[in-house]
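Student: Encoded as structure tokens, here's the structure I'll be asking about.
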Amino acid sequence: MKAHKIIQNIQNEKYIIDEITYLLATKNQSEADLLYTAAHQQCLNVYGENVFIRGIIELSNNCSKNCNYCGIRRGNSKVERYRISPQDAVELAVSAEKVGYKTMVIQSGEDAYYDDKLVDIIREIKKNTDIAITLSVGEKPYDLYKEWKKAGADRFLLRIETTNQELFKTLHPDDDLDHRTECLYNLKKLDYEVGTGIMIGLPGQTLEMIAKDIIFFKELNADMIGVGPFIPHEDTPFKDHKSSDFELTLRVVALTRLVTKSANIPATTAMGTLDKTGRQKALKVGANVIMPNFTPQSYRKNYQLYDNKICINEGADQCRGCIESMAVDAGKKIVIDKGFRKKI
Ligand code: SAH
Ligand code: SF4
1 MKAHKIIQNI QNEKYIIDEI TYLLATKNQS EADLLYTAAH QQCLNVYGEN VFIRGIIELS
61 NNCSKNCNYC GIRRGNSKVE RYRISPQDAV ELAVSAEKVG YKTMVIQSGE DAYYDDKLVD
121 IIREIKKNTD IAITLSVGEK PYDLYKEWKK AGADRFLLRI ETTNQELFKT LHPDDDLDHR
181 TECLYNLKKL DYEVGTGIMI GLPGQTLEMI AKDIIFFKEL NADMIGVGPF IPHEDTPFKD
241 HKSSDFELTL RVVALTRLVT KSANIPATTA MGTLDKTGRQ KALKVGANVI MPNFTPQSYR
301 KNYQLYDNKI CINEGADQCR GCIESMAVDA GKKIVIDKGF RKKI
């Protein structure tokens, strides 16, 4: 079977765009299953049955950017904007630690309001807890990334979204692929654990583009990779495009695991939105992380990056319980651990 040979090549670190594209495209279910089994095994080899959890705080839905796919883009006047105060952010991290989180992800739109404030937020969290801090707050100057690192930030997530210049332009009226890439390399230089990722099923995206994105993850030596389906939001220019095919997202998760071997790969909320058991499925084909929402309930409905986002009406405690059973369904278990990338 052709898939068998391709999987072997990848395991031997031979990454050929046409071959990766073939595995993304194959309609032969036994070939797809071969890929899923190999990816799952690779994940078990590195992380065993362990699933890391990271609580997310959606700090602010103010954003100076206008990405065409995103529900909280600057141009969406229907969004009720909010900012969580620095003091509340610190308190949230303290309470997250009490219920067993060892990592918090602080995510927001690109909101300059927090540029300086994050220094204090990070310091205070570090002073009052023993948790790892991941930032996901967009493109910022090198010196600011440096200050946040000095204050104690451990990781940074910045999805490249696509590595294709033309596609990137159609998605981002006010952004530049080279600049975003430079930010990722700056974060690397500053010794953050660096996360990136893409959306699957973007209008105009081809399988070959996705294959090249996967190779980019390897070239960057990314420590974390978040891949999720594109899901339209009704108040964006992309409202009439259709959601990604779930199976394709699953293939990308599996191939990302095979190619990167040890990167931390979340079973994303968007996968759970597109398919009720999407996160469990991802945990069985290479994903090893879940990121439950820790944003206070009253804000959640205003952080809708896409339509029908799940877990909007649940409280943090419910999310925690739900995640436990999700891991068990996938034959895995949640571990209380900061969850740094394993060196292999
Ligand atoms: N502002 C920061 C972080 C918040 S957005 C940034 O852009 O990096 C976090 C992620 O949400 C984005 O990277 C994007 O991949 C995802 N996202 C945004 N809109 C989406 C949509 N319509 N469907 C699926 N994912 C989406
Ligand atoms: Fe802002 Fe991020 Fe949404 Fe783009 S994806 S509009 S940067 S929150």
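For reference, each letter of the sequence shown is one residue, going 1 to 344 in the numbering used here. Each residue gets a CB set at the ideal place from its N, CA and C atoms; glycine is no exception. Quick caveat, the model's predicted, so the values are computed rather than measured.
Rounded to the nearest angstrom, what separates I225 and V289 at their Cα positions?
Tutor: Whole-angstrom Cα-Cα distance: 10 Å.
Student: Apply the 10 Å Cβ neighbour rule to H172 and answer buried if 16 or more other Cβ atoms are within range, or exposed otherwise.
Tutor: With 16 or more other Cβ atoms within 10 Å, it is buried.
Student: Identify, in the order they occur along the chain, each residue of the same chain with its Cβ nearer than 7 Å to the Cβ of H40, setting aside the five sequence neighbours on each side.
Tutor: Taken in chain order, the residues that qualify are K284, V285 and G286.
Student: At the level of alpha carbons, what is the spacing between L177 and K140?
Tutor: Roughly 14 Å between the two C-alpha positions.
Student: First and last residue of the beta strand (DSSP E) that includes T58?
Tutor: The sequence given here has Glu at residue 58, not Thr. It spans G55 to S60 - the beta strand (DSSP E) in which E58 sits, taken as one unbroken run.
Student: Closer than 8 Å is the cut-off here; do at least three beta carbon pairs connect the region 70-85 with the region 120-137?
Tutor: Verdict: no, contact absent.
Student: Between which two residues does the alpha helix (DSSP H) holding A89 run?
Tutor: Looking at the DSSP string, the run of the alpha helix (DSSP H) that includes A89 is P86 to K98.
Student: Suppose the cutoff is 8 Å on Cβ atoms and the five residues either side in sequence are ignored; what does the same chain contact list for M291 look like?
Tutor: Within the same chain, M291 has close Cβ partners I53, R54, G55, I56, V105, P266, T268 and T269.
Student: So which of K261, L274, T26 and I323 has the shortest CA-CA distance to N45?
Tutor: For N45, the nearest C-alpha among the options comes from K261.
Student: Taking A38 and L248 to be in contact with their CB atoms under 8 Å, please state how far apart those CB atoms are, rounded to whole angstroms.
Tutor: The Cβ separation is near 18 Å, so there is no contact.
Student: When burial is assigned at 16 or more other CB atoms within 10 Å of the CB, is S325 buried or exposed?
Tutor: S325 should be labelled exposed.
Student: With a floor of 4 residues, list each alpha helix (DSSP H) that falls wholly inside the region 153-230, ordered by position along the chain.
Tutor: Listed in chain order, they are 165-171, 177-189 and 207-220.
Student: Verify the contact flag: R83, CB atom, against every heavy atom of ligand 2, threshold strictly below 6 Å.
Tutor: No.
Student: Can the beta-carbon of R74 be found closer than 7 Å to that of N66?
Tutor: Taking 7 Å as the Cβ cut-off, R74 and N66 qualify as a contacting pair.
Student: Please report the straight-line C-alpha distance between G100 and V90, rounded to a whole angstrom.
Tutor: Cα to Cα, the separation comes out at about 16 Å.
Student: Do the CB positions of Y82 and I215 come within less than 7 Å of each other?
Tutor: Contact flag unset, no.
Student: Can you tell me whether S136 is helix, strand or coil according to DSSP?
Tutor: The answer is strand: DSSP assigns S136 an E or B state.
Student: Starting from the Cα of R279, find the closest Cα among F294, D111 and V328 and give me that residue.
Tutor: It is V328.
Student: For D111, is the classification buried or exposed, using 16 other Cβ atoms within 10 angstroms of its Cβ as the cut-off for buried?
Tutor: Classification of D111: buried, given that the 10 Å Cβ count is 16 or more.
Student: Per DSSP, what kind of secondary structure is F246 in: helix, strand or coil?
Tutor: Helix, per DSSP.
Student: Residues bridged to S108 by DSSP?
Tutor: Bridge partners of S108: S60.
Student: Would you mind listing the beta strand (DSSP E) stretches within the region 308-339 that are 3+ residues and don't spill past its ends, in chain order?
Tutor: Fully enclosed beta strand (DSSP E) runs of 3 or longer: 333-335.
Student: Could you give the DSSP three-state label for T21: helix, strand or coil?
Tutor: Correct three-state label for T21: helix.
Student: Near I131, which residues of its chain fall below 8 Å by C-beta distance, leaving aside the five closest residues on each side in sequence?
Tutor: Closer than 8 Å at Cβ, skipping near neighbours: A93, A96, E97, Y101, K102, T103, M104, I125 and K338.
Student: In terms of alpha-carbon separation, which member of S298, V51, T277 and G197 lies closest to G59?
Tutor: Sequence check: residue 59 is Leu here, not Gly. Among S298, V51, T277 and G197, the Cα nearest to that of L59 belongs to S298.
Student: Excluding the 5 residues flanking L202 on each side, which residues of the same chain have their C-beta closer than 6 Å to its C-beta?
Tutor: Correct list, in chain order: F230.
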